[in-house]
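K.L.:
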Amino acid sequence: MIPSPEHTTQLLAQTRLFAGIDAEGLARIAARMTELNVPADRVIARQGEIGTGFFIIVTGMVRVVRDGETLAELGPGDFFGELSVLDGKPRNAQVVSTKPTSCLALATWEFEAVVREQPSVALAILRELASRLRDLTDAHRH
């Protein structure tokens with residue numbers, strides 16, 4: 022099912038990544054997105070492959086797995102796939118749905134356009150990446 026632009030805009034408005042973006046900006050981002058619905062236990066992003074998409078979880082849950090070890094569980098409002106679309110290198114982890122999951126997806130070229138048009142999205146992504154890096158660094162100190 023293809024969501025309406027209005028529905029996608031509403032979903033984006035509920036995501037912390039897009040906090041502070043006005044309705045017009047959200048509508049422009051929504052126009053670039055597609056919805057991906059996956060059943061439980063499906064690979065959404067495969068470790069070692071070049072990523073061509075960035076994903077925001079709308080409903081459901083996913084596990085982030087590297088070399089068989091679960092690194093994180095993500096749910097509604099969380100995102101993944103940003104590293105590979107930012108640097109063009111293979112994905113460093115696999116993402117698997119743990120229950121039926123719906124995501125909003127941006128292809129790499131659309132992701133780049135959104136970041137150029139909406140600097141606040143780039144800043145939100147940088148903040149989340151910094152938080153994840155800090156968590157990893159702190160975990161290794163203990």
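All the letters of the sequence shown, read from the start, carry residue numbers 22 to 163 under my numbering. Note that beta-carbon positions come from the ideal geometry of N, C-alpha and C, so glycine has one too.
For valine 83, write down the residues that DSSP places opposite it in a beta bridge.
P.N.:
Bridge partners of valine 83: Leu95 and Ser118.
K.L.:
Are the beta-carbon atoms of arginine 37 and valine 135 separated by less than 9 Å?
P.N.:
For arginine 37 and valine 135, no; Cβs fall outside 9 Å.
K.L.:
Output the boundary residues of the beta strand (DSSP E) element that contains alanine 66.
P.N.:
That run of the beta strand (DSSP E) goes 64-66.
K.L.:
Grouping DSSP H, G and I as helix and E and B as strand, with all else coil, what is threonine 55?
P.N.:
Looking at threonine 55 - three-state DSSP - the assignment turns out to be strand.
K.L.:
Mind checking who proline 111 pairs with in its DSSP beta bridge?
P.N.:
Note: proline 111 sits in a beta bridge opposite Ile71.
K.L.:
Could you work out which residue in Val79, Pro97 and Val83 is closest to isoleucine 65 when comparing CA atoms only?
P.N.:
When each option's Cα is compared against that of isoleucine 65, the closest is Val83.
K.L.:
Across which residues does DSSP place leucine 125 in a beta bridge pair?
P.N.:
Answer by DSSP bridge pairing, in chain order: Glu56 and Ile77.
K.L.:
What first and last residue would you give for the alpha helix (DSSP H) that runs through alanine 34?
P.N.:
Taken as a continuous stretch (DSSP letters only), the alpha helix (DSSP H) holding alanine 34 covers 26-34.
K.L.:
Taking Cβ positions, are isoleucine 77 and serine 105 nearer each other than 9 Å?
P.N.:
No, they are not a contact pair.
K.L.:
Please look up how many angstroms separate the CB atoms of alanine 128 and threonine 73, rounded, as I've assumed it's under 8 Å.
P.N.:
About 6 Å separates the two Cβ atoms, so the contact holds.
K.L.:
Mark glycine 102 as exposed unless 16 or more other C-beta atoms lie within 10 angstroms of its C-beta, in which case mark it buried.
P.N.:
Buried.
K.L.:
To the nearest whole angstrom, what separates the beta carbons of valine 86 and leucine 95, a pair I think is in contact under 8 Å?
P.N.:
Actually they are not in contact, since the Cβ atoms of valine 86 and leucine 95 sit about 12 Å apart, beyond 8 Å.
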